[in-house]
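Using the working numbering, the first residue of the sequence shown is number 7, and each one after it goes up by one. Worksheet: the structure to be examined is printed underneath.
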Amino acid sequence: SNVSSATTQAAGSTPVTVTLRDGLNSYAGTQDSYVASSKTANNYGTTAAVLADGADGSNGELVALLKWSVASIPVSASVTSATVTLRVSNASAGTYKLYARNASWSEGSVTWANANIAGSQGTEIGSFTPTATGSRTLTLNAAGIALVQGWVDGSQANNGFTIRASGTSDGVDLRSSEYGTASQRPALTVTYQ
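Next comes the structure, spelled out in structure tokens:
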């Protein structure tokens, strides 16, 4: 007769995937904004878009900031992958890099003057070239997964990340957590065991 075999997984090893997006499953933990190098005192935390641009005329450089509360993920979780989904409303031929932030900020008060963009820029965790409008899902690299793991287990402060232009003045516009259609707001998707 035929012989069958099976492997029993250890308890808690089944992967779990959660998507953190304002308006989805009662989640409301996203903070996002952008800052402008030539408008050093302006706060853009309530706008329906976040912008990034190497040189945007009288606004100077624009840098986007995003973060999500990960409090709903168990502290003991082992993060295996993480993606960020962004809705591009104004495309760009330029390349944009995601960097871990090493300094705290708040959506309601962040400005270029207090964001310390250059001094708080950490490791690169991903990049993309938003050549078309619509939804873009960015897979975070190993450093990005380690960053999210640190947010989850508390070993790293959750300061989110920045999106900066990489040698381009062709700006990109992205929907923010304040945008009216929930499905177009930024999302962080985390898979863990």
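For each residue, glycine too, the CB sits at the ideal point set by N, CA and C.
Here N96 carries a strand assignment [DSSP, helix/strand/coil]. For D28 and S183, the gap between their C-alpha atoms comes out near 6 Å. A residue is called buried once 16 or more other Cβ atoms fall within 10 Å of its Cβ, and S110, having fewer, is exposed. For W74, the uninterrupted beta strand (DSSP E) segment begins and ends at 68-74. Counting of Cβ neighbours within 10 angstroms places S112 among the exposed residues, the total staying below 16. Taken atom to atom, the span from the alpha-carbon of D62 to that of Q162 is near 33 Å.
Taken through DSSP and simplified to helix, strand or coil, I79 comes out as coil. Contact fails between the segment 98-110 and the segment 34-42, because fewer than three Cβ pairs, one in each stretch, are under 8 Å apart. Nearest Cα to R107 within the set L92, W118, E130, T89: E130. Closest option to L71, judged by alpha-carbon separation, among V81, I79, Q127: Q127. L104 has G132, I169 as its beta-bridge partners, per DSSP.
Taking C-alpha positions only, T137 is separated from D176 by approximately 10 Å. DSSP places L153 in the helix class (H, G or I) of the three-state scheme.
Judged by DSSP in its simplified three-state form, Q190 adopts helix. By the CB criterion at 8 Å, I79 and V196 fall inside the cutoff. Annotated three-state conformation of V178 is strand, per DSSP. Distance from the CA of D159 to the CA of V81, rounded to the nearest whole angstrom, comes to 5 Å.
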